[in-house]
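Here the protein sequences line up with chains G, A, V and E, keeping their order. Per UniProt numbering, the very first residue in the first sequence carries number 1; after that it's consecutive. Per UniProt numbering, the very first residue in the second sequence carries number 1; after that it's consecutive. Per UniProt numbering, the very first residue in the third sequence carries number 1; after that it's consecutive. Per UniProt numbering, the very first residue in the fourth sequence carries number 1; after that it's consecutive. Glycine residues also receive a C-beta, built at the ideal position from the N, C-alpha and C atoms. None of the values given here were measured: they were computed from a predicted structure. This report refers to the structure that appears directly beneath it.
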Amino acid sequence: MSEKFSNAGSADIVLALCAAIHESKDYLSEVDGAIGDGDHGVNMNKGFTLASQRIDASSSFSDALEVLADTLVDDIGGSMGPIYGTFFMSLSENLSSSDEINAKEFGNSLADAAQALEDLAGARPGDKTLVDVAVPASEAFQAAEQRGDGFSSCLSAMAEASEAGWKSTEGMQARLGRAARLGERSIGHLDAGATSCNVILQTMAKEISAKLQG
Amino acid sequence: MSEKFSNAGSADIVLALCAAIHESKDYLSEVDGAIGDGDHGVNMNKGFTLASQRIDASSSFSDALEVLADTLVDDIGGSMGPIYGTFFMSLSENLSSSDEINAKEFGNSLADAAQALEDLAGARPGDKTLVDVAVPASEAFQAAEQRGDGFSSCLSAMAEASEAGWKSTEGMQARLGRAARLGERSIGHLDAGATSCNVILQTMAKEISAKLQG
Amino acid sequence: MQRVINDPDMLVEDMLPGFLEANKSLVHASSENPRTVVSNFVGQGAPRVGIVSGGGSGHWPAFIGYCGQNMVDAVAVGEIFSSPTAKAFEQCIREADSGKGVAVLYGNYAGDNMNVKMALRRVEKEGIHVATVVANDDVASAPSDQRDRRRGVAGEVLMWKCGGARAAMGGSLEEVIACAQKAIDNTRSIGIGLSPCTIPSYGKPNFSIEPGSMEVGIGHHGEPGIKVEPLKDANGMADEMVEAVCSDLPFGSGDDVVVLISGLGATPVMEQYILSARVFSDLKDRGISVYKSYVGNWFTSLEMGGVTLTLMKLDDELRECVDFSVNTPALVQL
Amino acid sequence: MQRVINDPDMLVEDMLPGFLEANKSLVHASSENPRTVVSNFVGQGAPRVGIVSGGGSGHWPAFIGYCGQNMVDAVAVGEIFSSPTAKAFEQCIREADSGKGVAVLYGNYAGDNMNVKMALRRVEKEGIHVATVVANDDVASAPSDQRDRRRGVAGEVLMWKCGGARAAMGGSLEEVIACAQKAIDNTRSIGIGLSPCTIPSYGKPNFSIEPGSMEVGIGHHGEPGIKVEPLKDANGMADEMVEAVCSDLPFGSGDDVVVLISGLGATPVMEQYILSARVFSDLKDRGISVYKSYVGNWFTSLEMGGVTLTLMKLDDELRECVDFSVNTPALVQL
Ligand SMILES: Nc1ncnc2c1ncn2[C@@H]1O[C@H](COP(=O)(O)OP(=O)(O)O)[C@@H](O)[C@H]1O
Ligand SMILES: Nc1ncnc2c1ncn2[C@@H]1O[C@H](COP(=O)(O)OP(=O)(O)O)[C@@H](O)[C@H]1O
Ligand SMILES: [Mg+2]
Ligand SMILES: [Mg+2]
Ligand SMILES: [Mg+2]
Ligand SMILES: [Mg+2]
Chain G
1 MSEKFSNAGS ADIVLALCAA IHESKDYLSE VDGAIGDGDH GVNMNKGFTL ASQRIDASSS
61 FSDALEVLAD TLVDDIGGSM GPIYGTFFMS LSENLSSSDE INAKEFGNSL ADAAQALEDL
121 AGARPGDKTL VDVAVPASEA FQAAEQRGDG FSSCLSAMAE ASEAGWKSTE GMQARLGRAA
181 RLGERSIGHL DAGATSCNVI LQTMAKEISA KLQG
Chain A
1 MSEKFSNAGS ADIVLALCAA IHESKDYLSE VDGAIGDGDH GVNMNKGFTL ASQRIDASSS
61 FSDALEVLAD TLVDDIGGSM GPIYGTFFMS LSENLSSSDE INAKEFGNSL ADAAQALEDL
121 AGARPGDKTL VDVAVPASEA FQAAEQRGDG FSSCLSAMAE ASEAGWKSTE GMQARLGRAA
181 RLGERSIGHL DAGATSCNVI LQTMAKEISA KLQG
Chain V
1 MQRVINDPDM LVEDMLPGFL EANKSLVHAS SENPRTVVSN FVGQGAPRVG IVSGGGSGHW
61 PAFIGYCGQN MVDAVAVGEI FSSPTAKAFE QCIREADSGK GVAVLYGNYA GDNMNVKMAL
121 RRVEKEGIHV ATVVANDDVA SAPSDQRDRR RGVAGEVLMW KCGGARAAMG GSLEEVIACA
181 QKAIDNTRSI GIGLSPCTIP SYGKPNFSIE PGSMEVGIGH HGEPGIKVEP LKDANGMADE
241 MVEAVCSDLP FGSGDDVVVL ISGLGATPVM EQYILSARVF SDLKDRGISV YKSYVGNWFT
301 SLEMGGVTLT LMKLDDELRE CVDFSVNTPA LVQL
Chain E
1 MQRVINDPDM LVEDMLPGFL EANKSLVHAS SENPRTVVSN FVGQGAPRVG IVSGGGSGHW
61 PAFIGYCGQN MVDAVAVGEI FSSPTAKAFE QCIREADSGK GVAVLYGNYA GDNMNVKMAL
121 RRVEKEGIHV ATVVANDDVA SAPSDQRDRR RGVAGEVLMW KCGGARAAMG GSLEEVIACA
181 QKAIDNTRSI GIGLSPCTIP SYGKPNFSIE PGSMEVGIGH HGEPGIKVEP LKDANGMADE
241 MVEAVCSDLP FGSGDDVVVL ISGLGATPVM EQYILSARVF SDLKDRGISV YKSYVGNWFT
301 SLEMGGVTLT LMKLDDELRE CVDFSVNTPA LVQL
């Protein structure tokens, strides 16, 4: 079990994110349909599929993240373009100088990315958005890392917190985005952005773990 | 059994036509709906109801017919306004100089009215329109009159021919009006205008017969 | 269909006051007949030939939306899908007349034919000079050797545009009539229906189109078309419409045309632009150049789903007329 | 719903060529970004402040229909109901700039806010002067003490009209921004939804309205309103909308207003005029005079059923701006 993975050649992690979004397309739209406008799957899939076509499979993790971020910002629009674009851009920028990525670096980068996302979107935990996944997941990773857990356990902690954050949105009343207009009627439904964010973080955890396993 | 009825004071015949159209409103629209645009009952009812409000119940048959004709031409429009307006106007003009109306006068007036209608509409028997009721009904009346039948039997002959003419439209292919566009698909449905024309002529026969009896 | 109405039998009565108030700088109702809408520009400037039209309601912006400067001077307003009264047409003719005669430019429907005929009979007794042009641009409504049986559809807009312009240029009644007649003779249209409409007073659709199918050649009251086919995509519809229109009158390579694409009511304008894109490329492939185009809801049928395509072949006179400025509630052109 | 489309995921790609060809005398696409539509009038005459807007597609004629002379100079085009990219906004700003700065006038939606913010960050590095006004005229989207949370709806049309006019009159960036801000501050809107719409790529309605009921305060992507009520007649709807709008900002006796009534897509214009008739009489009863009105499909939501009412209170500057001539695909005013 390794405690780091090589940045170079790890574009496949990002390609796996793209594939996971592609597979969740209909489910994401369905979740968005309950209290939003039903296009979250379409929006996400368009961006991630386009990015997957542009990503050089032999490139580095951080370069692939940059291509994904640029594609989202430049070609997708919506809310998800700037939000996920900023998130992945921040991750990419933080990791681009590393040849090998360890838990500490990854955790710091993740925390920065979650912060950039919060700043741009003006969303806070509890608003019933993808922030309710990204923030607790990044915090759980860092907490595990700080108590000395290995990279792989940190990833498990992240994945668990991501899942819990995702599920927690069901009980929340939306305060931002289209669903906010529903007021109390938004309670009892999962949030779409939280759903896609969880798909992304679960896939990320699985893929990096696999790399650490060798 | 009288062989004539008084023109003066016979506005009630025309009011009965108005009432009969009012009662058939939904049925007329339904018939029109099958191969037309479903508004025949509405069109007819609007005109006849308006006329009934304008007709002085104590006025003469020919004056009441004139009010009906003017209302149809001036306030209804569509195809039915000018067609029935011309029909009733012709009847009214022919009868206005008579104090007492006998079978010969009525028959001649009816024939003129049917002719005026044909001329304006450019419709011939067999086109699947109200001409398929008005023309045979008027012919049957005149034939009966010419073979010496009494007024009342002439009216019965007219009513019978009207009914037969109406039913005959079911087997026809429309050559005029909206239904013409259906071609063969118009076969198997009654014509709306023929239906209202039959309602009018049946009512006319019944009301005049009652006057002759009374 | 959930509607914004009061009494389903009073749509026209309830709609006119809103229309008149919103467009009071352009039009007013005749003081003699509330169903006669008159352009405020009548009587301004030199006397000119009056342009009259009219028809059933439910086709917004036809007919009242085209009443105004340099287009139609007076419009007779009928019930939903039903010809206006002879009396309304009569009053239109009187209002539009400024001594140079009146051109009545209307569509080929039995009711309109009869009511216009009765109106003409009466106003001619008053000494007003009147002549008519009857639009018959719908290629689907009768074979090409029976053009007098064809219905008038969205091509009427171009007939009014050209007739109105020719009158504004100072043309005589004969010239205006000749120009409007040429406009409609050079014009062909076809519609495709995708879903029916309901006359509110009747309350149910008066025809049906099976989901998954489309009716080619539908009339704008739902008159059945020439064939029912499996639903095509926008490109397939465009190809079929262009072929139907171009093969009727030989619009051919080197011709200049005006393209008018209209929704029938329920079809969003965005979709009409999807259709337009292919129509433009089909015409280009045929060597036909598009001089000007109008895409939008120019002649509708309540909330019917579908689209119509109209082409008008231009010569110098018609080109000048098409370019002429107009100011009406529905069409403003600089 | 039966549609005139090719690929449901490619509506915007398929629609733009038709739109651009049909309106080529007024607009073109930026050579740098196909999702940036630019007025042909940019760069003509003296340099002036550029006006930029943009938003999701599906709202025809918003947003591209208002691109042209004296209104919006460049429009960023998003996917259906989805904000355009930051890149498209950026390019709009570059295209619209003629050295006097650019006013970005858009609606208050999370995506638009973020994409405009990212675009600003980038173009400001290039030395372009940019300022924004964020429309928030929908009274139903948040209480009046939280106006910054309110959505922009059909009132945006009046914001563009006024901002564009002020720029055409030669106003500085500060003056244009102040005028557009005043326009939207003086404007209140509300919508009533009668039936849902379907994003074709999703394929089913993303909300539902029970037949027999109506949703008061609906947003133009179907965002839920403030209450669901039994369906009222047109007069009842008008009374409720006038009350909601007038009680939010004290439009009061003696005020001059512009009225803008729009259908949401599926509601025929005839029905909008039925509503208008009562709106006009309600305003009269309140002593409010209607200086000008626009009734039609000015800001739609695909094929959603329903209507919106917008009032803008006028002062001398706004009156002059409203009267200013414009020439765009959707709105031509002499
Ligand atoms: N202001 C915001 N900040 C963060 N996330 C947001 C915000 N607004 C919306 N979201 C997220 O976006 C998701 C919806 O995304 P999507 O459906 O793709 O875009 P849209 O709402 O424009 O249709 C919501 O479920 C929510 O998680
Ligand atoms: N040219 C015509 N001549 C005589 N009758 C006609 C003609 N066209 C239509 N009709 C009659 O009109 C009837 C339909 O009338 P109505 O529904 O009131 O008018 P519309 O067809 O305008 O909706 C038809 O059933 C037919 O009998
Ligand atoms: Mg969504
Ligand atoms: Mg009918
Ligand atoms: Mg009818
Ligand atoms: Mg969306």
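Those residues having their beta-carbon less than 5 Å away from any non-hydrogen atom of ligand 5 are, in chain order, 37/A, 39/A, 81/V and 82/V. With a threshold of 16 other beta carbon atoms within 10 Å, residue 91/V meets it and is buried.
Residue 79/V is not a Cβ neighbour of residue 167/A, given a cutoff of 9 Å. The C-beta separation of residue 193/E from residue 215/E comes to about 4 Å, placing the pair in contact by the 8 Å criterion. In this structure residue 24/V is exposed. Its beta-carbon is surrounded by fewer than 16 other beta-carbon atoms within 10 angstroms. The beta carbon of residue 27/G sits closer than 8 Å to those of 41 and 195, all from its chain and outside the five residues before and after it, given in chain order. Chain order gives no chain G residues near residue 46/E, where near means a beta carbon separation below 8 Å; the closest approach is about 33 Å. In this structure, the C-beta of residue 178/A stays at least 8 Å away from each heavy atom of ligand 3. Note: residue 10/V is not bridge-paired with any residue in the DSSP secondary-structure output.
Identification of chain E residues near residue 60/V by a Cβ-Cβ cut-off of 7 Å yields 268, 269 and 270, ordered along the chain. Per DSSP, the unbroken beta strand (DSSP E) holding residue 230/E starts and ends at 227 to 230. The beta carbons of residue 54/E and residue 83/E sit closer together than 9 Å. If you compare the alpha carbons of 213/G, 206/G and 190/G with that of residue 36/G, the shortest gap goes to 190/G.
In summary, the residues of the region 106 to 126 of chain A whose CB is separated from some CB of chain V by less than 9 Å are 120, 121, 122 and 123, in the order they occur in the chain.
Here DSSP, grouped into helix, strand and coil, assigns residue 203/A to helix. Relative to the Cα of residue 105/V, the nearest Cα in the group 140/V, 306/V, 166/V and 9/V belongs to 166/V.
Residue side-chain check: residue 43/G places its Cβ nearer than 8 Å to a non-hydrogen atom of ligand 3. In this structure, residue 276/V sits away from residue 81/E, with a CB-CB distance that is not shorter than 9 Å. Using a Cβ-Cβ cut-off of 9 Å, residue 117/E counts as an interface residue toward chain G, since at least one Cβ of chain G sits closer than that to its own. By the Cβ criterion, the region 142 to 160 of chain E is in contact with the region 59 to 77 of chain E, since at least three pairs of Cβ atoms, one from each stretch, lie closer than 8 Å. Uninterrupted beta strand (DSSP E) stretches at least 3 residues long and entirely within the region 68 to 129 of chain E occur at 74 to 80 and 102 to 107, given in chain order. Ligand 4 approaches residue 32/A closely enough that one of its heavy atoms is under 8 Å from the residue's Cβ. In the three-state reduction of the DSSP assignment, residue 218/E falls in the coil class. Counting of Cβ neighbours within 10 angstroms places residue 146/E among the exposed residues, the total staying below 16.
Under the three-state reduction of DSSP, residue 28/E is assigned to strand. In this structure, the straight-line span from the alpha carbon of residue 162/E to that of residue 261/V is close to 31 Å. Taking C-beta separations shorter than 7 Å and ignoring five residues to either side along the sequence, the partners of residue 214/G in its chain run 2, following chain order. Setting aside the 5 residues that flank it on each side, residue 116/A is surrounded in the same chain by 86 and 90, each with a C-beta closer than 6 Å to its C-beta; the list follows chain order. Its chain contains 286 as the residues whose beta carbon lies nearer than 7 Å to that of residue 246/E, once the 5 sequence neighbours on both sides are disregarded; these appear in chain order.
Set against 8 Å, the gap from the CB of residue 192/G to the closest heavy atom of ligand 3 is smaller.
Counted as a single uninterrupted DSSP element, the beta strand (DSSP E) harbouring residue 305/V occupies residues 305 to 313.
For residue 80/E, the nearest CB of chain G lies under 9 Å from its own CB, placing it at the interface with that chain. Around residue 241/E, no beta-carbon contact reaches into chain V at under 9 Å, the shortest distance being about 11 Å. Contacts with chain V (Cβ-Cβ distance below 7 Å) from the region 28 to 55 of chain A involve 29, 33, 37, 38, 39, 42 and 43, listed in chain order. Residues of the region 73 to 100 of chain G whose Cβ lies closer than 9 Å to any Cβ of chain E, in chain order: 73, 74, 75, 76, 77, 78, 79, 80, 81, 82, 83, 85 and 86. Membership of residue 188/V in any alpha helix (DSSP H) is not indicated; the residue belongs instead to the beta strand (DSSP E) covering 187 to 195.
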